[in-house]
Amino acid sequence: MSITKGYAVQEATSPLAPFSFERREVRPHDVQIEILYCGVCHSDIHQVRGEWGNSIYPMVPGHEIVGRITAVGHHVKNFKVGDLAGVGCLVDSCRTCPSCEQGLEQFCDTGMVGTYNSIDKDGQLTYGGYSTQIVVDEKYTLKVSDKLLLAGVAPLLCAGITTYSPLRYVGVKKGDKVAVLGLGGLGHMAVKFAVAFGAEVTMLSSSPNKKEDALKLGAHHFALTSDESTMSSLASSFDYILNTVSAQHDYNTYLNLLRVNGTMIIVGVPPAATPVHAFPLIMKRRSIIGSLIGGIAETQEMLDFCAEHNIVSEVEVINMDYINEAYERMLKSDVRYRFVIDLASLK
Ligand code: NAP
Ligand code: ZN
Ligand code: ZN
């Protein structure tokens, strides 16, 4: 067992504060990673505050982890001490169900083991990346290129794969008209990937002051969602809408922006259910699908794609003790475009 420093919440209403806990010993298939950077995902806020009804406390959040390997178990084949490595949202799964066999570990029949807020196969509560080190089976550990700026790589482990995976699944290609709804951590990665796949990209945002950034990120158009005339001019115009919004909003309004056979992909998870009317769906045979992060093999594919195309997240690097303020800013949509914790500030 090794004592680890972290930041945790003790209950839904308490702030994040210093917390010390034990990580397991390195087993034959495990790697131990000194965490260098960890991104701050809006899912951290939802779970810290008990908004999804699945929270277990104390909770050490964080599932956008990059760091350096400091120890390897004696059966480890793919990593050695000193290598860069990444850990995303899942650290284990059953490994035998049809989803696991297809590399869709996130849909594991028995439930994936989340990097935090999850119970592992030993019955232990998992603790995430707002901490100095983590021990993970190498099968659930990703290879990280040394070509990219490391702080900007951390958010790829969740925001990156969560947007890459559904855009690949629906087969976004040159000429497709794609709208991204919500310009935050997920939204800015979605713009970068949709542009890289050749789509004509429109940013749909509730924040007028994000227009310039959206265009710099590569979006071809920017539309303010509160501007009714712009919104009606966009009726029936998109093949896909990738919906990343974290707060309550009306799906029906945006469904009407899809063409015949258009698809809205939901990745944002507002705390409560949203009613959907039949009309916007039946009128143009539109559909809604959801998507959850991505499997391990696809996460590696995404990281390799980013290294090849020089894609990283736009980050604001923060010290660990700034985390509560960072959450408040994210809740005001004031993030450009991912907070990333420098774990050197915790040592
Ligand atoms: P984020 O960085 O906070 O961005 C969310 C964006 O949503 C904001 O920047 C804002 O964009 C928009 N927004 C926020 N409140 C709004 C409101 N009241 N009305 C309209 N728009 C609003 O969050 P994130 O980390 O990207 O995460 C987004 C959502 O995805 C969260 O719910 C998170 O839990 C979920 N998530 C899902 C998965 C998955 O696997 N499906 C993975 C990771 C995260 P504008 O200022 O441009 O309007
Ligand atoms: Zn996340
Ligand atoms: Zn499984």
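Letter by letter, the sequence shown follows residues 1217 to 1563 of the working numbering. All C-beta atoms, glycine included, are put in the ideal place defined by N, C-alpha and C.
State buried or exposed for GLN1263, treating a residue as buried only when at least 16 other CB atoms are found within 10 Å of its CB.
buried
Since ARG1502 is in the alpha helix (DSSP H), which residue starts that stretch and which ends it?
From DSSP, ARG1502 is part of no alpha helix (DSSP H); its letter is neither H nor E.
Within 8 Å, do at least three Cβ pairs link the stretch 1287-1296 to the stretch 1257-1272?
no
Ordered along the chain, which non-local residues of its own chain (more than five positions away) have a Cβ less than 6 Å from that of ALA1287?
Only VAL1242 and GLN1248 meet the Cβ criterion.
So which of LEU1373, ILE1335, THR1326 and TYR1343 has the shortest CA-CA distance to ILE1219?
TYR1343
To the nearest angstrom, how far is the alpha carbon of ASP1558 from that of GLY1434?
27 Å
Given TYR1332, which residues of its chain have a CB within under 7 Å of its CB, disregarding the five upstream and five downstream residues?
MET1275, VAL1276, PRO1277, GLY1278, HIS1279, THR1342, TYR1343 and GLY1344
Is it the case that the CB of PRO1491 approaches a heavy atom of ligand 1 more closely than 8 Å?
no
Name the two residues that bound the continuous beta strand (DSSP E) containing GLN1621.
Past the edges of the chain, shown from 1217 to 1563, lies residue 1621, and the structure says nothing about it.
Which value, in whole angstroms, describes the spacing of the CA atoms of ASN1472 and HIS1437?
18 Å
Quick one: does the C-beta of GLY1269 sit closer than 8 Å to a heavy atom of ligand 1?
no
Using the rule of at least 16 other Cβ atoms within 10 Å of the residue's Cβ for burial, across every protein chain shown, is THR1490 buried or exposed?
exposed
Which of the three DSSP states, helix, strand or coil, is assigned to ILE1377?
helix
Please name the residue, chosen from LYS1359, PRO1231, SER1507 and THR1348, that lies closest to THR1460 on a Cα-to-Cα basis.
Answer by Cα proximity: SER1507.
At what residues does the alpha helix (DSSP H) containing GLY1403 begin and finish?
Note, GLY1403: alpha helix (DSSP H), 1401-1412.
Nearest-angstrom Cα distance between GLY1283 and ILE1498?
48 Å
According to DSSP, GLY1283 sits in a beta bridge with which residue or residues?
ILE1251 and ALA1301
For ILE1281 versus ILE1251, is the C-beta spacing smaller than 9 Å?
Yes, the pair counts as a contact, with Cβ atoms nearer than the cut-off.
In chain order, which alpha helix (DSSP H) runs of at least 4 residues are fully inside the stretch 1494-1561?
1494-1498, 1512-1525 and 1539-1547
With 16 other CB atoms within 10 Å as the buried threshold, where does SER1421 fall?
buried
With respect to 8 Å, is the separation between the Cβ of SER1462 and the closest non-hydrogen atom of ligand 2 below this value?
no
Can you tell which of LYS1563, ARG1554 and ALA1560 has its C-alpha closest to the C-alpha of GLY1368?
ARG1554
Please identify the residue among ARG1240, PRO1244, LEU1547 and CYS1254 whose C-alpha is closest to the C-alpha of SER1561.
CYS1254
Let's see if you can read the secondary structure: which residues bound the beta strand (DSSP E) around ALA1367?
Segment 1366-1369 is the alpha helix (DSSP H) holding ALA1367; no beta strand (DSSP E) there.
For HIS1258 and LEU1519, I'd like the C-alpha separation in whole angstroms.
21 Å
Please list the terminal residues of the continuous alpha helix (DSSP H) segment that includes LEU1433.
1427-1433
Inspect the beta-carbon positions of LYS1393 and THR1418 and report whether they are closer than 9 Å.
Cβ distance < 9 Å, so LYS1393 and THR1418 count as in contact.
Please tell me whether, using a cut-off of 8 Å, the distance from the CB of ASP1325 to the nearest non-hydrogen atom of ligand 3 is below it.
Flag set: Cβ of ASP1325 near ligand 3.
Suppose contacts are defined by Cβ-Cβ distances below 9 Å. Is LEU1364 in contact with PHE1413 by that definition?
no
What residues does ligand 2 have around it, judged by CB closer than 5 Å to any heavy atom, in chain order?
CYS1257, SER1259 and CYS1374
Answer yes or no: the CB of CYS1313 versus the heavy atoms of ligand 5, is any distance below 8 Å?
Because ligand 5 does not appear in the structure shown, any question about it cannot be addressed here, the ligands present being ligand 1, ligand 2 and ligand 3.
Considering only DSSP beta bridges, list what PHE1235 is partnered with.
GLY1222
May I have a chain-ordered list of the beta strand (DSSP E) segments no shorter than 3 residues that lie completely inside the stretch 1462-1491?
1474-1482, all fully within the stretch 1462-1491.
Please tell me whether GLY1266 has its Cβ less than 9 Å away from any Cβ of chain C.
As a matter of chain content, chain C is missing from the structure shown, which is built from one protein chain.
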